[in-house]
Structures are given as structure tokens and as C-alpha cells.
């Protein structure tokens, strides 16, 4: 059974299959009966809840409040902002009828032709249009601004090729939508939320990210500017981990959202939107995990410590449990989440393999000898190392160990990114280097034609124009034309 639990396709054999195996075998998610949609299983959802809870706290610390808007959007709303509808038109699921009826031939149910909607409804791919139609009623004066709303919701973007967490027809996310009196306030909000995402990715997910701006060809449909955080996965591909959009006055004009400013003049509001999704689960898996299973940063693990008793008989188990309960109380009093697995239908070796696969940061094992010696065996998931320590001051020891694991996981990911980030000056070198994966910093002339040429010939895209880093001007590696600064290229998910 232990072998069966741990049987994952090695990463160097097939990274894609390793990922799929791990999502399934670690009980994170599975494909559903609805093509392209997933079932997030309890262990996977527990990780998402930790992500959600922490982000929600960070949003509220910056003055945002939660609201909820309809799942359905009238089709006419999507027509009001031209770039927006063009960007999402091919991904929309459409509701045309509101009722079913029994099939006259007795073959189940059919759509009732008499129940056709006067106007079709779109299952939200994103909520800008329905929210800005709502904000029109909320905003009349500068005193009503800013509006700082966030929504936790599901969205649907019809996908033909799907992969659990990374790309599914329906996924979970949060979407912030804010309204401001000035352009400067809206841009400040956009950058502020990008920083929140970057802080979360690095401090909680232990994933280093590059903060930057998307090119016009890669920005969000309807945005003036799209800011993003980009992460590097272990296979050398980039993953867009979050986006924050400065929308200008585009949606305000489309939905006629105006306010009376301090001078008594009417003007359109300035807006932003920003979001992260269950795609972060994919980033968490691919940035840290290994051929033995998940490696979870302690700050996002459903439980940070698991205690497994080693026993010969019921009397022995009771004695170990008594000691375990004292340790559990001490750990919980120190804010550490812990699970005690005293199930008698699985052997300790099976449990060790299961919790290793599920990425539990720390495993404690105790047996008769440990009781006599006042010790416990401590195994850390990130390094797969073990040591025997005293149970005295165990909470302090574990707390320090968890902090060390969090730092070590981040350092490993950071070192990997550093080792797989290169600077090139010629297109020939670029084409050679891109085959190895990783981030490539290179000069680009700023034209969409050159951007498309590089994408067609190498399958690499401009991930972002970094907000920090090498801003020295140079010459485009392809055309030799002037370049304002280096940009980041990679092949991506």
C-alpha cells in the first residue's frame, strides 16, 4: 500500500504527468462529470481556504470590503465595452432558456421552447460589466468615492484544453473592483494591490515573483494597463500568478458612471480591477513539490504537524496518546495546527507515506522507547531529514522549525529562479537559451510585430516589463531598433 501511495511519475520523465498524478493522489482535486470542470476535494479546498483567509485579511487591512454580484450578466452589457467583449466573446457560456419540460417521447427532459429568454444571459467570465452597471446607482458625488469592493466567486471561461487548477472551464477566484475620483488614486490602487499579491506570494506561498506591466498585446481586455506577478515553475515555464488592472475611465464611460466633483462639475470615475484564482494552487504545487509528493509551506498547510503513534498494543497506544495530547495542547497554545492520527486500520509506514505525499511540513512519531526517554522523532518534509529531540519545550522547537522550513522552501525556489534567469543580447542566443526554459531578460523594440514574431518562432511570450531591475536602454535583439529597457521572456502556462 505504501508503494501505491507514493507511486508518482518522476518529474524528469514527464513533468505534466507528474503534476496530474500528484493532484489526484494527494487528494487535491479530480475531474468532474462536467467536461472541463473539477471537483476540489476537502484537502485541496482546505489549502484554498488558507489562501482565501489570508488574502481576505490583507484586502481588509487595505480598506476593502466584500460584496457579491450576480452570476448572470445580460448579453447587452458585454457589448458596451468593445475591447472587453472582444477579449471574452469566445469563452462565454450563454443561457438561452429558463425552463425544462418532460420529453413528449418519454426520453427524460428537453428545453421548453416557450421558455426562451428575451435577452440571453452570460455566465460571468468576469464581473466588470455587471458591477459597473451597479456602481452607476451607488456613485453620485465625490463623497461616494472611493468604492473599494472585492468579491469571492466562481467564474466560467469555456476551455477546450483543461488541466486541474491551471485551466478549467469553471474556477474560483476573487475579483476586486474599485472606483476613484482621480487617475492618480486609481493607479495608486492598482499598484498597491499588485504589492499585496507579491507580498502574499513570497511571504505565504514562498514563491518569488517578478512584478511588472504587461505589453499591450498581453493586457486584460478593456484595461489601460495590466500589472502582474510572474512566477517560475520547476519545469522552467512561467506562471502568471496574479493581475491588477488600471481600467482608466473605459467602463465608467461605457456605463455612464459619473460623479459631481469638489468643484461641482460632473466627470467620469476612474477604475481598477484585480484578481487571483485557484491557479495559485497550481503554482504552489509546481514551485515546491518533488517526486515524493507535495511540499507545502507551513503558512498554507491545512495542518502544520501530524503526530503518528507507534504502538504494539492498546495499552501502549493509550500511553502514547496521553503524551501526544500533552504535546498537542502545547502546540495549539502556540498557534500551531496539528493532527493526531491514531487510526488503527493503517500501519505507521502507510501513514508516513501518506503525509509525505500530502506535504505536511512536520511529522512527529512516538513509540514506547520515546516515552521512556522523553523524546519524539521529528521528520521535516522539505529536506526529508529526521532527528530525535526532547519533548521539553517542544512547542518552541517546532515553531522555530516551521519558520526555518518556510524560509528554506522560499530560498530553494529563489535559488532555482536565479539559476534559471539569464540575460541575452542576440536573437540566436535567445533561441538557443529558450529551449532550456527559465526567464530570459532581453531588449525588445516595443512593437507588436516583433513580439508576435518571437512568439511564433520560439513559443515564448513577454511575461512582463519589470517594474524594477535593468532599465538601461539598448537595442532590440531581433531588429536592432532602440529599446527602453529589458523585458522578461519565457514559455508559459
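Numbering (our numbering), first residue to last: 5 to 497.
Note that CB positions come from ideal geometry on N, CA and C, so glycine has one too.
Distance cut-off 8 Å: residue i Cβ against heavy atoms of the ligand SAM
| i | result |
| --- | --- |
| residue 83 | This structure does not include the ligand SAM; it has no bound ligands of any sort. |
Helix, strand or coil at residue i [DSSP, three-state]
| i | result |
| --- | --- |
| residue 106 | strand |
| residue 209 | coil |
| residue 42 | strand |
| residue 440 | helix |
| residue 30 | coil |
| residue 460 | helix |
| residue 20 | helix |
| residue 80 | helix |
| residue 72 | coil |
| residue 35 | strand |
| residue 430 | coil |
| residue 493 | strand |
| residue 242 | strand |
| residue 183 | strand |
| residue 253 | coil |
| residue 263 | strand |
| residue 435 | helix |
| residue 507 | Nothing in the structure corresponds to residue 507, since the chain is present only between 5 and 497. |
| residue 194 | helix |
| residue 13 | coil |
| residue 473 | coil |
| residue 488 | coil |
Sequence-distant residues of the same chain with beta carbon closer than 6 Å to residue i, five excluded per side
| i | result |
| --- | --- |
| residue 176 | 158 and 282 |
| residue 341 | 307 and 308 |
| residue 105 | 116 |
| residue 489 | 475 |
| residue 187 | 274 |
| residue 262 | 270 and 272 |
| residue 88 | 225 and 226 |
Unbroken beta strand (DSSP E) run spanning residue i, endpoints
| i | result |
| --- | --- |
| residue 224 | No beta strand (DSSP E) holds residue 224; DSSP gives it neither H nor E. |
| residue 448 | Note, residue 448: premise wrong, no beta strand (DSSP E); not H, not E. |
| residue 235 | 229-236 |
| residue 468 | 465-470 |
| residue 389 | 389-394 |
| residue 299 | Counting along the chain, residue 299 falls outside any beta strand (DSSP E), and DSSP gives it neither H nor E. |
| residue 67 | That residue, residue 67, is in no beta strand (DSSP E); it is neither H nor E in DSSP. |
| residue 216 | 214-217 |
Spatial distance of residue i from residue j (CA atoms)
| i | j | result |
| --- | --- | --- |
| residue 426 | residue 442 | 8 Å |
| residue 110 | residue 118 | 19 Å |
| residue 483 | residue 477 | 14 Å |
| residue 439 | residue 23 | 21 Å |
| residue 406 | residue 308 | 8 Å |
| residue 191 | residue 394 | 54 Å |
| residue 112 | residue 103 | 14 Å |
| residue 142 | residue 136 | 10 Å |
| residue 386 | residue 125 | 48 Å |
| residue 31 | residue 121 | 40 Å |
| residue 171 | residue 163 | 7 Å |
| residue 97 | residue 76 | 10 Å |
| residue 226 | residue 133 | 11 Å |
| residue 285 | residue 492 | 23 Å |
| residue 389 | residue 383 | 6 Å |
| residue 228 | residue 251 | 5 Å |
| residue 217 | residue 468 | 5 Å |
| residue 17 | residue 80 | 49 Å |
| residue 179 | residue 277 | 7 Å |
| residue 498 | residue 196 | Beyond the ends of the chain as shown, which are 5 and 497, falls residue 498; an answer cannot be given. |
| residue 349 | residue 139 | 57 Å |
| residue 148 | residue 182 | 12 Å |
| residue 290 | residue 107 | 47 Å |
Own chain partners of residue i with C-beta closer than 7 Å, once the 5 adjacent residues on each side are dropped
| i | result |
| --- | --- |
| residue 5 | The pLDDT assigned to residue 5 is 43, lower than 50, so where the model puts this residue is not dependable; a value taken from the coordinates is nonetheless given after this. Around residue 5: 354. |
| residue 56 | 156 |
| residue 431 | 481 and 482 |
| residue 240 | 424, 440, 441 and 442 |
| residue 360 | 296, 297 and 385 |
Delimiting residues of the alpha helix (DSSP H) encompassing residue i
| i | result |
| --- | --- |
| residue 481 | From DSSP, residue 481 is part of no alpha helix (DSSP H); its letter is neither H nor E. |
| residue 412 | 398-423 |
| residue 291 | 283-292 |
| residue 91 | 86-92 |
Residues near residue i by beta carbon distance below 8 Å, same chain, minus five either side
| i | result |
| --- | --- |
| residue 372 | 314, 315, 316, 320, 323 and 324 |
| residue 365 | 300, 301, 302, 305, 308, 309, 384, 385, 386, 406 and 409 |
| residue 47 | 30, 31, 32, 306 and 362 |
| residue 185 | 146, 149, 150, 263, 265, 273 and 274 |
In chain order, what are the residue ranges of uninterrupted beta strand (DSSP E) at least 3 long that sit wholly in the region 304-330?
Runs of the beta strand (DSSP E) inside the region 304-330: 309-313.
Going along the chain, which unbroken runs of the beta strand (DSSP E) with 3 or more residues stay wholly within the region 102-176?
Within the region 102-176, the runs of beta strand (DSSP E) at least 3 residues long that lie entirely inside it are, in chain order, 104-106, 113-115, 120-127 and 151-160.
Quick one: complete alpha helix (DSSP H) runs, 4+ long, within the region 328-385?
List check, alpha helix (DSSP H) in window: 352-361 and 372-377.
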